[in-house]
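Numbering (full-length UniProt numbering), first residue to last: 1 to 273.
Beta carbons: idealized from backbone N, C-alpha and C, even for Gly.
Scroll down for the structure; my scribbles are underneath it.
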Amino acid sequence: MQGASRVSLTALRERLAAREVGHGSSEQVEQESRELFAVAGLLGREAQLRSALTDPSTEPSTKAHVAEAVLRGQVSEPTAQIVAEAARLRWSRQGDLADVLETLGAEAAFALADAAGALDRVEEELFRVSRLVEADAGLRHALTDPALPLEGRTALVGNLLADRADATTVRLVAQVVGSLRGRRLEEALDTLVELAAERRSETVAEATSAVALTPEQEQRLAAVLSRVYATPVRLNVVVDPTVIGGVVVRIGDEVVDGSVLHRIEQARQSFSR
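This is the structure we're talking about:
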């Protein structure tokens with residue numbers, strides 16, 4: 001996300017901050033989260049509405065009125081106000097509005113999970129579901145095939161995760177399944193993992209190894225990554241027997257192998273002497 005859209009996201013985050021846990025009931029925050037996901041899905045399906053709310057040549061007040069008219073009676077007043085405010089802002093591309101509303105919905109859900117002491121669990125579960133979807137083509141098809149009824153696909157999420165995952169995890173996965181907007185499901189889930197990590201001011205690293213790492217190895221690798229990148233790193237480990245030796249680490253768009261990290265760490269230590 002670039003330029004005007006990034007500025008608009010920041011403005012909306014500031015507006016929503018007053019409604020986070022502690023300023024509104026958990027029920028209100030959860031409702032807002034659900035509704036923001038729903039509006040993002042609506043914008044993904046309705047190109048004409050998406051265009052009407054993001055057209056830079058239209059007066060901001062006009063776009064806000066359109067949003068209010070469409071959503072009146074469909075969502076709560078606080079959610080309608082946020083969408084109307086979003087319509088007043090500028091967007092680098094049409095699709096960014098839906099992406100930002102989904103981001104805000106996810107962040108509201110993570111605020112609740114954080115307040116309940118469940119954020120670590122939710123983040124870990126989202127990562128595991130993402131890897132499961134990536135590895136199982138049949139499951140991926142069942143969850144993403146647009147020819148299959150949405151109700152059936154979201155019910156499958158519930159059946160798959162029932163009694164195995166936090167309620168927030170189940171809800172977020174189901175909501176993403178219902179609003180992919182051209183994305184791969186595992187890509188959308190990885191975005192949620194990154195947002196959860198941002199909640200704790202952490203960077204997410206994915207380490208792929210031919211064999212499972214011991215807890216000590218995981219801790220050591222996370223510590224090295226934190227020093228190399230000068231920020232707390234949350235390490236998620238994937239076991240892939242096809243990886244030939246060592247460990248491959250991905251942080252965002254950057255991919256490095258374990259030997260490179262070792263050399264970087266050695267160089268950093270030599271400079272500090």
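If you draw a 10 Å sphere on the C-beta of Ser-8, you find 16 or more other C-beta atoms in it, and that means buried.
In the three-state scheme derived from DSSP, where H, G and I count as helix and E and B as strand, Arg-234 is classed as strand. By the CB criterion at 8 Å, Leu-185 and Val-133 fall inside the cutoff. In the three-state reduction of the DSSP assignment, Arg-183 falls in the coil class.
Inter-segment contact for the segment 227–237 and the segment 193–205 is present: three or more beta-carbon pairs are separated by less than 8 Å. Annotated three-state conformation of Arg-93 is coil, per DSSP.
For Ala-67, the enclosing alpha helix (DSSP H) begins and ends at 60–71. Around the CB of Thr-54, 16 or more other CB atoms lie within 10 Å, so the residue is classed as buried.
By the 16-neighbour rule on beta-carbons within 10 angstroms, Ser-57 is exposed.
Straight-line measurement puts the Cα of Ala-207 at about 13 Å from the Cα of Asp-253. Here Val-249 has Ala-205, Ala-207, Val-256 as same chain residues with Cβ atoms under 6 Å from its own Cβ, once five neighbours each way along the sequence are excluded.
An exposed status is given to Asp-163, since fewer than 16 other beta-carbon atoms sit within 10 Å of its beta-carbon. By the criterion of a C-beta distance shorter than 8 Å, Ala-86 is surrounded in its chain by Ser-8, Leu-12, Leu-53, Ala-67, Leu-97, Val-100, Leu-101, once the five residues flanking it on both sides are discounted.
Shortest Cα-Cα distance from Ala-84 to any of Glu-14, Leu-71, Ala-64 involves Ala-64.
Per DSSP, the unbroken beta strand (DSSP E) holding Ala-205 starts and ends at 203–209. Rounded to whole angstroms, Glu-123 and Ala-196 show a C-alpha spacing of 6 Å. For Asp-145, the three-state secondary structure derived from DSSP is coil. The three-state reading of DSSP puts Glu-254 in strand, counting E and B together. CA-to-CA, the gap between Ala-137 and Val-129 works out to about 13 Å. Gly-3 is classed as exposed because its beta carbon has fewer than 16 other beta carbons within 10 Å across all chains shown. Assignment of Val-177 by DSSP, reduced to helix, strand and coil, places it in the helix class. Under the criterion of beta carbons closer than 8 Å, Arg-181 and Ile-82 do not qualify as touching, at roughly 19 Å. Distance from the CA of Val-247 to the CA of Glu-27, rounded to the nearest whole angstrom, comes to 43 Å. Cβ neighbours of Ser-179 within its own chain (closer than 6 Å, five residues either side excluded): Ala-40, Gly-41, Gly-44. Put simply, the backbone Cα of Leu-36 is about 40 Å away from that of Thr-242. A residue is called buried when at least 16 other Cβ atoms come within 10 angstroms of its Cβ; Gly-152 does not meet this threshold and is exposed.
About 7 Å separates the CB atoms of Leu-161 and Val-173; that is less than 8 Å, so the two are in contact.
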